[in-house]
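The block underneath contains the structure these notes are about, expressed in structure tokens.
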Ligand SMILES: [Zn+2]
Ligand SMILES: [Zn+2]
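In structure tokens form, the structure reads like this:
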């Protein structure tokens, strides 16, 4: 968790080492979320021993959990690419990590899983705890038990989303990963490289790209951009463009909001 990647001296993406307070924040988030995930699975096992679930319900819940995790991975990525900058202290590390990834995509492999797992665990915890609480109150026989399964699938996928992202940068990955990529269960390299080959405004999703192929193609992120621009007056991708200019690499369609795909 302490590592911030080996960067050359004076590198603009270098960040300070993690403070003890930040490490505690990551650890507490990871432990609480891990405990919630385990408790949810134990509750589900007990609930469904007494009230066996429908197979179709189980399948739908698994698909919903995977899709929701992919969609949130893309939404977080889109938000960091489009709206944030390193002047926001709380998210400075993540903004710099995202900007660095666009300039030096290969450096992603220097970023250890534990650097982001704590933050992602907090997000997963805040989103899945209400589902668990609702199911606990509604009882084992309720339809909310399926929501608990969806949340149990969603949770680890979100926490590990940057490991899935690394698969999208590994053309020579292990054979079993390639099979999963071919089946579109894991982010395919060709799909993700489209994000890096243009204006960084397509194929944001990092787990398997299902949400890119559906809501992304329907224009979800462009609609959100128009809405936010109208409400705040902010222009999308300003900070990302600025970093590219600093490295003498203007974006191909600077300032334009391209299509999803
Ligand atoms: Zn990438
Ligand atoms: Zn990006």
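Residue numbers (my numbering): 15 to 275. All residues carry an ideal CB built from backbone N, CA and C; glycine is no exception.
- In this chain, the alpha helix (DSSP H) harbouring residue 170 covers 158-173.
- In the three-state reduction of the DSSP assignment, residue 210 falls in the helix class.
- The Cβ-Cβ distance between residue 199 and residue 219 does not fall below 9 Å.
- DSSP places residue 258 in the helix class (H, G or I) of the three-state scheme.
- In the three-state DSSP reduction, residue 155 falls in the coil class, being neither helix nor strand.
- Boundaries cannot be given for residue 247, as no alpha helix (DSSP H) includes it and DSSP labels it neither H nor E.
- Spatial neighbours of residue 105 in its own chain (CB-CB distance under 7 Å, excluding positions within 5 residues in sequence) are listed in chain order as 98.
- Membership of residue 183 in any alpha helix (DSSP H) is not indicated, and neither H nor E is assigned to it by DSSP.
- By the CB criterion at 9 Å, residue 176 and residue 134 fall inside the cutoff.
- Here the distance from the Cβ of residue 125 to the nearest heavy atom of ligand 1 is not below 8 Å.
- Taken through DSSP and simplified to helix, strand or coil, residue 97 comes out as coil.
- For residue 209, the closest of 183, 239, 140, 31 by C-alpha to C-alpha distance is 183.
- Exclusion of the five residues before and after residue 224 leaves 81, 84 as the residues of its chain whose Cβ lies within less than 6 Å of its Cβ.
- Less than 9 Å separates the beta-carbon of residue 87 from that of residue 221.
- Its chain contains 174, 176, 177 as the residues whose beta carbon lies nearer than 8 Å to that of residue 127, once the 5 sequence neighbours on both sides are disregarded; these appear in chain order.
- Closest in C-alpha terms to residue 255, from the list 35, 79, 114, comes 114.
- Bounds of the alpha helix (DSSP H) holding residue 56 are 34-64.
- Burial of residue 107 is indicated by the presence of at least 16 other C-beta atoms within 10 angstroms of its C-beta.
- Assigned with DSSP and collapsed to three states, residue 199 falls in coil, not helix or strand.
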